[in-house]
Every structure is written in structure tokens, then in C-alpha cells.
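Let me begin by presenting the structure, written as C-alpha cells, before commenting on it.
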Amino acid sequence: MTGAQSETQWHPASWQRRVAQQQPAYPDQVALEGVVAQMSTLPPLVTSWEVENLREQIAMAQQGKAFLLQGGDCAESFDDCQSDAIAKKLKILLQMSVVLLHGLKMPIIRMGRMAGQYAKPRSADTETRGDVILPSYRGDLVNRSPFTPEDRIPDPQLLLRGYERAALTINFVRALVDGGFADLHHPEYWDLDFVGHSPLKREYREIVQSISDSLDFFESISGRPIHHTTR
């Protein structure tokens, strides 16, 4: 491998060669290193084969063979780790994907921007209120929102809490999907209150019914459920 190639070739540690412009100033580096070492021994939030599967799907989207739909919050808080809030985000993604599937007539890759959006960049390292200057709030993964000296100190233990919240969110989403929550045969699982009051309610219902009828037709002529079909 040449020097030029080594600079551009990706590997798990390649990010360490990059200059980080948005780094919190942890006052206790020993505590930070201890948390990082502890996290390096924890199970991964996603598996390597899940990463490879996503890469293949993104490649399909890049080739125009699929459409990638990403949705979620710009920044999450640890308080967002609630079953109702997570289910509602998943419902919105599923509803949007149904409309896109009907209109584009191609596979829809649904990517949730959740379970890890606990940190955010800031334009300034400090925040000023009156005569008080404190470190900026950088998200629940780094420090705390209340404007007090104690809360704004970057706390390495929040990294572990973020890992726990991310794991809980991912596991709940997996359980919903594995339990049939994303099954196109049951779009009623995804209904949110605003859909019933939307002026486009009828159009959305017609799209869902059209897809449901298509699934029923395919399964009737193939003699097996759609999820048993291979490419």
C-alpha cells in the first residue's frame, strides 16, 4: 500500500488521523480514558453483518435501484428513550415509506436517525448569560443542559449512559420490527392521531389499500407469504 493510498483507505482507526474541531474539554482525562477503555469492551450496538447489509443497500440507492429515506431528530436527549416516543418515530418513517413505495415503485431503505444523536456541535465553546460564562451545552452525551457550573462540566460517565440509551432504543425498535410492526399487511399499526384529521387522509388510505391489494394478489398467485419470497 502506498503512502497516498494509506491516507485515503478506510479502516476502523482511520478517523484518528483527522483533526477534530468540536471536542469537549474534559477536565479529568484519567476518568475519560477509563470510560473509553470500558466502552471498548462492551458489545457493539450493531453487528458487522448489519453494517455490510446497509452498505449494500446504500449502494443500491446510489445506483438508482432503491430510495433511501432517513428520518429522525437533529439531536436526541436521554429523556427521548421512551417506548411511545420511539414507536411514533418509527410509525412516521413507515408511513412515509409507504407513500414513497407507491409513488416510486422501487425498494425503500428506511434509516432511522435515532439511538445515538445525543451530542451536537456548537458554534462557540462557551455560553454567556449576563455576567456568567459557562461551557456550551453539547448534548446529553457530553454535559447537562441546566446553566450551572456543575451541569456544564463535561462528564465521561454520560458516554456510558448514552450507550445504554442507544442500546435500549435499538433493541426496542428491533423487537417491534421482528414482531411484525413493520408488516405492510398491517398498516393500521402505524396510525398516528394526526392522520385521522389530515385532509390527505383519504389519499393515504387509498395508497395503503392499493399496496395491500397488490400483496394479497402476489401471495395468492405465488402460494406463499411475501416474506418467504427470495430474489
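Counting from 1, position 107 in the sequence shown corresponds to residue 1040 in the numbering used here; the numbering is continuous, with no gaps. Glycine included, C-beta positions come from ideal geometry on N, C-alpha and C. From a predicted model like this one, the values you see are computed outputs, not experimental measurements.
Separation of residue j from residue i, as counted between CA atoms
{"i": "Val-1075", "j": "Ala-1052", "result": "7 Å"}
{"i": "Lys-1024", "j": "Met-1047", "result": "13 Å"}
{"i": "Gly-1045", "j": "Pro-976", "result": "21 Å"}
{"i": "Arg-1077", "j": "Ser-1010", "result": "10 Å"}
{"i": "Trp-982", "j": "Leu-1101", "result": "20 Å"}
{"i": "Gly-1113", "j": "Asp-1084", "result": "41 Å"}
{"i": "Ser-947", "j": "Gly-1063", "result": "42 Å"}
{"i": "Leu-1037", "j": "Ile-1103", "result": "28 Å"}
{"i": "Asp-1006", "j": "Gln-1050", "result": "7 Å"}
{"i": "Thr-1061", "j": "Gly-997", "result": "48 Å"}
{"i": "Gln-1028", "j": "Gly-967", "result": "43 Å"}
{"i": "Pro-1132", "j": "Arg-1138", "result": "11 Å"}
Residues bridged to residue i (per DSSP)
{"i": "Arg-1043", "result": "Leu-1002"}
{"i": "Thr-1059", "result": "Pro-1068"}
Contact set for residue i: own chain, Cβ-Cβ below 7 Å, skip 5 residues either direction
{"i": "Tyr-959", "result": "Leu-965, Pro-1087 and Pro-1089"}
{"i": "Ile-1140", "result": "Val-1031, Val-1032 and His-1035"}
{"i": "Phe-1105", "result": "Ser-1016 and Ile-1019"}
Secondary structure of residue i, DSSP reduced to three states
{"i": "Thr-1102", "result": "helix"}
{"i": "Phe-1011", "result": "helix"}
{"i": "Tyr-1096", "result": "helix"}
{"i": "Ile-1086", "result": "coil"}
{"i": "Asn-1076", "result": "coil"}
{"i": "Lys-1038", "result": "coil"}
{"i": "Asp-961", "result": "coil"}
Contacting residues, own chain, Cβ-Cβ under 6 Å from residue i (five flanking each side not counted)
{"i": "Gln-955", "result": "Pro-1054"}
{"i": "Ile-1041", "result": "Phe-1000, Leu-1002, Ser-1030, Leu-1033 and Leu-1034"}
{"i": "Leu-1091", "result": "Leu-1074"}
{"i": "Gly-1095", "result": "Tyr-1051 and Leu-1074"}
For residue i, the nearest candidate out of the options (CA to CA)
{"i": "Ala-999", "options": "His-1035, Cys-1007, Arg-1085 and Arg-950", "result": "His-1035"}
{"i": "Pro-957", "options": "Gly-1063, Ala-1008, Glu-1097 and Ala-1057", "result": "Ala-1057"}
{"i": "Ala-1099", "options": "Ser-1016, Leu-987 and Leu-978", "result": "Leu-978"}
{"i": "Val-971", "options": "Gln-1028, His-944, Leu-1093 and Ala-992", "result": "A small correction: the amino acid at residue 971 is Gln; Val does not occupy that position in the sequence shown. When only C-alpha atoms are compared, the closest one is Leu-1093."}
Contact set for residue i: own chain, Cβ-Cβ below 8 Å, skip 5 residues either direction
{"i": "Thr-1081", "result": "Leu-1067"}
{"i": "Ala-994", "result": "Phe-1000, Leu-1001 and Ile-1042"}
Residue i Cβ short of 6 Å to the ligand ZN heavy atom set
{"i": "Met-1029", "result": "The ligand content of the structure shown is nil, which means the ligand ZN is not present either."}
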